[in-house]
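Numbering follows the UniProt record's numbering, in which position 76 of the sequence shown is assigned residue number 76; successive positions increment by one, without gaps. One structure is given below, encoded as structure tokens.
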Amino acid sequence: MAVRIRMKRLGRRHRPFYRICVIDQRKQRNGKSIEDIGTYDPMIRDKSQRVSLNMERVDYWVSVGAQPSENVQALIKKVKLNKFGAVKTPPPLTAPKPLPEPEPEVAAEAESTEAAAEGAEEAPAEAAAEETAAE
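Here's what the structure looks like:
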């Protein structure tokens, strides 16, 4: 029987909680475990408090031939070395930037294009009047 040390997901949606357990490799993720040897709660802010493992039982199961999964292996390593890393502080809050007001140049450009359009409409009428007067 191939035995693995892996995590069993508990908790609810968007609030995970894991039990670290010894389980047959062929069982489903949340199947019946042989033994529960610890917990992992990723929602705890203090990284050193997230993992609780019974290291005596972990050492026993590894000596018997149980293979830890990649994630559990990383947790075991962190617990043995007692290196969990530092908690990152969130960036400081800043006031939102005010929205830019429409520039007066844009309004002036709009007026000049309207005037040019009006002038273009008048120009053919004036040209037609000049042509009739010339005849």
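Note that beta-carbon positions come from the ideal geometry of N, C-alpha and C, so glycine has one too.
Do isoleucine 76 and valine 58 have their beta-carbon atoms positioned less than 8 Å apart in this structure? Locating residue 58 in the sequence shown gives position 58, counting from the first residue. Locating residue 76 in the sequence shown gives position 76, counting from the first residue. Cβ distance < 8 Å, so valine 58 and isoleucine 76 count as in contact.
Nearest to lysine 47 (by Cα), restricted to the options Met55, Val62, Ala86, Gly31: In the sequence shown, residue 47 corresponds to position 47, counting from 1. The candidate whose alpha carbon is nearest that of lysine 47 is Ala86.
In three-state DSSP terms, what is glutamate 70? Here residue 70 refers to the residue found at position 70 when the sequence shown is read from its first residue. Helix at glutamate 70.
Can you pull the DSSP bridge partners for leucine 53? Within the sequence shown, the letter at position 53 stands for residue 53. According to DSSP, which records beta bridges pairwise, leucine 53 is partnered with Gly38.
Looking at the secondary structure, which residues open and close the beta strand (DSSP E) in which phenylalanine 17 lies? As a first step, residue 17 is located in the sequence shown; it is residue number 17 there, counting from the start. Its beta strand (DSSP E) spans residues 15-24.
Got a sec? Which residues, its chain only, sit under 6 Å from phenylalanine 84 by beta carbon, not counting five neighbours each side? In the sequence shown, counting from the first residue as 1, residue 84 sits at position 84. So the list reads Lys47, Ser48, Lys78, once near-sequence residues are dropped.
List the whole-angstrom C-beta distance separating arginine 19 from methionine 7, where the pair is believed to meet the contact cut-off of C-beta under 8 Å. Position 19 of the sequence shown, counting from 1, holds the residue named residue 19. Position 7 of the sequence shown, counting from 1, holds the residue named residue 7. Confirmed, Cβ separation roughly 7 Å.
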